[in-house]
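Here the structure comes first, spelled out in structure tokens, and everything after it is commentary.
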Amino acid sequence: MLDPFLAPLAGGVLIGLASGGLYLLAGEIAGITGITRSALIGPARGWQAAFIAGLLAAGLAAAWAKGPALVAGIEQTSLPVMVLAGLLVGLGTDIGNGCTSGHGVCGLSRLSRRSLAAVAVFMAAAAATVYLVRHGGLL
Numbered sequence: 256m257l258d259p260f261l262a263p264l265a266g267g268v269l270i271g272l273a274s275g276g277l278y279l280l281a282g283e284i285a286g287i288t289g290i291t292r293s294a295l296i297g298p299a300r301g302w303q304a305a306f307i308a309g310l311l312a313a314g315l316a317a318a319w320a321k322g323p324a325l326v327a328g329i330e331q332t333s334l335p336v337m338v339l340a341g342l343l344v345g346l347g348t349d350i351g352n353g354c355t356s357g358h359g360v361c362g363l364s365r366l367s368r369r370s371l372a373a374v375a376v377f378m379a380a381a382a383a384t385v386y387l388v389r390h391g392g393l394l
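Residue numbers (the numbering used here): 256 to 394.
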């Protein structure tokens, strides 16, 4: 079994390398929202579909492996709750004009004040949501 800190550390390193590589090699920000939007409604340049396919393949591989370091309790969540959560995240990224990867990984590393504000807001919203779900009897 993997050390409980090794898998998240490796994942963070891989995310950093992938987003840095995309920026250095293609001049593109690894914001999942923008990449998805370009892949679905254009202007797509081919690599967006490959990027999304890689994300989906990684998620499927983690679900298949079912290692405790890879799947963080998602099997305990009902499908309606996951669908609602996905829709709320999508709405939030549209309203905030960006996502955790675009603002949190790429924006903060570029010292963007806009990204710092966005990350502060979505992390506070996430903390409040976790508190309400665990202690407020929601869902």
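Beta carbons are placed, not taken as given, at the ideal position from N, Cα and C, and that holds for glycine.
Treat the numbers as computed from the prediction; the structure is a model and nothing was measured.
Indicate whether residue i and residue j have their beta-carbon atoms separated by less than 8 angstroms.
i, j, result
"Cys-361", "Ile-290", "no"
"Ser-356", "Ile-287", "yes"
"Gly-347", "Phe-377", "yes"
Any idea if residue i is buried or exposed, counting beta-carbon neighbours within 10 angstroms, 16 or more meaning buried?
i, result
"Ser-333", "exposed"
"Ala-373", "buried"
"Phe-260", "exposed"
"Ser-364", "exposed"
"Gln-331", "exposed"
"His-358", "buried"
"Gly-351", "buried"
"Leu-366", "exposed"
"Gly-345", "exposed"
Could you spell out where the alpha helix (DSSP H) holding residue i opens and where it closes?
i, result
"Ala-373", "368 to 390"
"Ile-296", "287 to 296"
Using a threshold of 7 angstroms, is the CB atom of residue i nearer than that to any non-hydrogen atom of the ligand COA?
i, result
"Val-344", "In the structure shown, the ligand COA is absent, as is every other ligand, since no ligand is present at all."
What did DSSP end up calling residue i once you bin it into helix, strand or coil?
i, result
"Cys-361", "helix"
"Ser-333", "coil"
"Phe-306", "helix"
"Ile-270", "helix"
"Ile-284", "coil"
"Asp-349", "helix"
"Pro-259", "coil"
"Gly-341", "helix"
"Gly-301", "coil"
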